[in-house]
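A quick write-up on the structure given underneath.
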Amino acid sequence: MAKNQDEKRHARETLESEGSESRVYELGFHLDPELPIEEVKKAFQAMKSVITEKGTLVAESEPVKIQLAYTISRQEVSGRRDFDSAYFSWIVYEVSAEDHAEIVKTASTDKRIVRFIDLCTTKDAARHSVELRELSLKTPTTREEQEAAIGAELDIALESATI
Numbered sequence: 139m140a141k142n143q144d145e146k147r148h149a150r151e152t153l154e155s156e157g158s159e160s161r162v163y164e165l166g167f168h169l170d171p172e173l174p175i176e177e178v179k180k181a182f183q184a185m186k187s188v189i190t191e192k193g194t195l196v197a198e199s200e201p202v203k204i205q206l207a208y209t210i211s212r213q214e215v216s217g218r219r220d221f222d223s224a225y226f227s228w229i230v231y232e233v234s235a236e237d238h239a240e241i242v243k244t245a246s247t248d249k250r251i252v253r254f255i256d257l258c259t260t261k262d263a264a265r266h267s268v269e270l271r272e273l274s275l276k277t278p279t280t281r282e283e284q285e286a287a288i289g290a291e292l293d294i295a296l297e298s299a300t301i
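In the working numbering, each residue carries its 1-based index in the sequence shown increased by 138.
Following this line, the structure appears as structure tokens:
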């Protein structure tokens, strides 16, 4: 109940302060980890469709299953559910304040979304996020991958060194 009141207050304040001028927002959201991958893709596409219908898509990240830093609990009709992992995704978009309120409302009513955050940002910050994500995908993540990369660099250095 308090969550809905906070969302309504936030939407009202956003409308009053911004009028009809367009702003750039980033919507980050966790999707239920127990959903089949097809349903995860449908949920992502549904959110993306609402955004492109109301505004302009700036950047996006497909859902990726991650381990959460802490447990998220949610009360449902069948009882409490705890989430230790989720599919995480984000979408950056440009839209008017009125349409922004509708997007936030859609995210808050989609039961497949465990939790979301919607922030005001800039196009430059969004582009930077995309660059960082691409860089992180190229960076070795496991200890074995890191050791292999270091070994390859050492081999190249030794081959090019003159004695």
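All C-beta atoms in this analysis are idealised placements derived from N, C-alpha and C, irrespective of residue type, glycine included.
Endpoints, the beta strand (DSSP E) within which residue i is located
i	result
residue 244	Run containing residue 244: none in the beta strand (DSSP E); it sits in the alpha helix (DSSP H), 235-247.
residue 259	251-259
Residues bridged to residue i [DSSP beta-bridge criterion]
i	result
residue 202	226
residue 221	210
residue 138	With the chain represented from 139 up to 301, any question about residue 138 goes unanswered, as that position is not in the structure.
residue 162	232, 259
residue 197	230
Buried versus exposed, by CB contacts within 10 Å (16 or more), residue i
i	result
residue 201	buried
residue 312	The structure shown does not extend to residue 312, since the chain is modelled only from 139 to 301, so the question has no answer here.
residue 301	Any reading at residue 301 needs caution, since the residue's pLDDT is 48, under 50, leaving its predicted position unreliable; the model's value is listed next. Counting Cβ neighbours within 10 Å, residue 301 comes out exposed, since fewer than 16 surround it.
residue 124	With the chain represented from 139 up to 301, any question about residue 124 goes unanswered, as that position is not in the structure.
residue 196	buried
residue 252	buried
residue 274	exposed
residue 214	exposed
residue 175	exposed
residue 238	buried
N- and C-terminal bounds of the alpha helix (DSSP H) containing residue i
i	result
residue 172	Here residue 172 belongs to no alpha helix (DSSP H), and DSSP marks it neither H nor E.
Are the stretch 162-172 and the stretch 234-249 touching by the rule of at least three beta carbon pairs closer than 8 Å?
yes
Between the stretch 256-263 and the stretch 199-214, can you find at least three pairs of beta-carbon atoms closer than 8 Å?
no
Any 3 or more C-beta pairs closer than 8 Å across the stretch 208-216 and the stretch 181-190
no
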